[in-house]
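**Q**
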Amino acid sequence: MKTIRTDRARETFIEMLAQTCNVSEACRAANISRSAAYQWRDEDADFAAAWKDAEEAAADRLEREAWRRAVDGTDKPVTFQGVITATYKEYSDRMLEILLKAHRPEKFVERVRNEHTGKNGGPIQTEDVTTATLIEEAKRLGIDPASLGL
Numbered sequence: 133m134k135t136i137r138t139d140r141a142r143e144t145f146i147e148m149l150a151q152t153c154n155v156s157e158a159c160r161a162a163n164i165s166r167s168a169a170y171q172w173r174d175e176d177a178d179f180a181a182a183w184k185d186a187e188e189a190a191a192d193r194l195e196r197e198a199w200r201r202a203v204d205g206t207d208k209p210v211t212f213q214g215v216i217t218a219t220y221k222e223y224s225d226r227m228l229e230i231l232l233k234a235h236r237p238e239k240f241v242e243r244v245r246n247e248h249t250g251k252n253g254g255p256i257q258t259e260d261v262t263t264a265t266l267i268e269e270a271k272r273l274g275i276d277p278a279s280l281g282l
């Protein structure tokens, strides 16, 4: 049963989750346990939908911040003898790379190809081993085939 206090806690949780994208932070703000939050999400479809919307809103905020750092840059101070004498723009190439990979994966995705080869780059040689061969090899090594499940 929901109470006014519970409704307020749920509202606070959702608001903080939308701001921080952090369940622990939202729980602290709402003064609830993580297990209570997850239980509410599992048992209440409306709360689960609000949770999902809050995470989407938070992700949008994070993406805007990544864009700002990549494209608009951040002001960094230049100091001389302990005094700020100027500022310069610093741009985040890494943020730009991440945004491009997210929005244009067909063009900017990492293309890594792992290829396993055999000796001198040739095909990998395999050998089919029968149960009879395994039993024979176990006996040759002095191992009881039954102890190996053979």
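In my numbering, the protein residues as written are 133 to 282.
Don't be surprised by glycine CBs; every beta carbon is placed ideally from N, CA and C.
Here the structure is a predicted model, which is why all the values come from computation and not from measurement.
Compute the beta-carbon to beta-carbon distance between residue 162 and residue 186, rounded to the nearest angstrom, for a pair I have assumed lies under 8 angstroms.
**A** Contact flag wrong, Cβ pair sits at about 12 angstroms.
**Q** Tell me whether the beta-carbon of residue 240 lies closer than 7 angstroms to the beta-carbon of residue 231.
**A** no
**Q** Do you know how far the Cα of residue 251 is from the Cα of residue 263?
**A** 27 angstroms
**Q** Of the residues 172, 202 and 212, which one's Cα is nearest the Cα of residue 223?
**A** 202
**Q** Could you check whether the stretch 165-176 touches the stretch 195-215, counting it as contact only if at least three pairs of C-beta atoms, one from each stretch, sit closer than 8 angstroms?
**A** Because the criterion of three Cβ pairs below 8 angstroms is not met, the stretch 165-176 and the stretch 195-215 do not touch.
**Q** Quick one: give me the first and last residue of the alpha helix (DSSP H) that residue 185 is part of.
**A** First-last of the alpha helix (DSSP H) with residue 185: 177-199.
**Q** Give the DSSP-derived three-state secondary structure of residue 138 in the structure shown.
**A** helix
**Q** Ordered along the chain, which non-local residues of its own chain (more than five positions away) have a Cβ less than 7 angstroms from that of residue 159?
**A** 145, 165, 166 and 169
**Q** Which first and last residues belong to the alpha helix (DSSP H) in which residue 222 is found?
**A** Looking at the DSSP string, residue 222 is not in any alpha helix (DSSP H); the run it does join, the beta strand (DSSP E), is 215-222.
**Q** For residue 193, tell me which candidate among 171, 172 and 153 has the shortest Cα-Cα distance.
**A** 153
**Q** Can you give me the start and stop residues for the alpha helix (DSSP H) that residue 263 sits inside?
**A** 263-272
**Q** Here's a check: name, in chain order, each residue in its chain whose Cβ is nearer than 7 angstroms to the Cβ of residue 142, leaving out the five neighbours to either side.
**A** 172 and 179
**Q** Classify residue 191 as buried or exposed, calling it buried when 16 or more other Cβ atoms lie within 10 Å of its own Cβ.
**A** exposed
**Q** Please list, in chain order, all residues of the same chain as residue 248 whose beta carbon is under 8 angstroms from its beta carbon, the five residues on each side excluded.
**A** Excluding residues within five positions, the ones whose Cβ falls inside 8 angstroms are 256.
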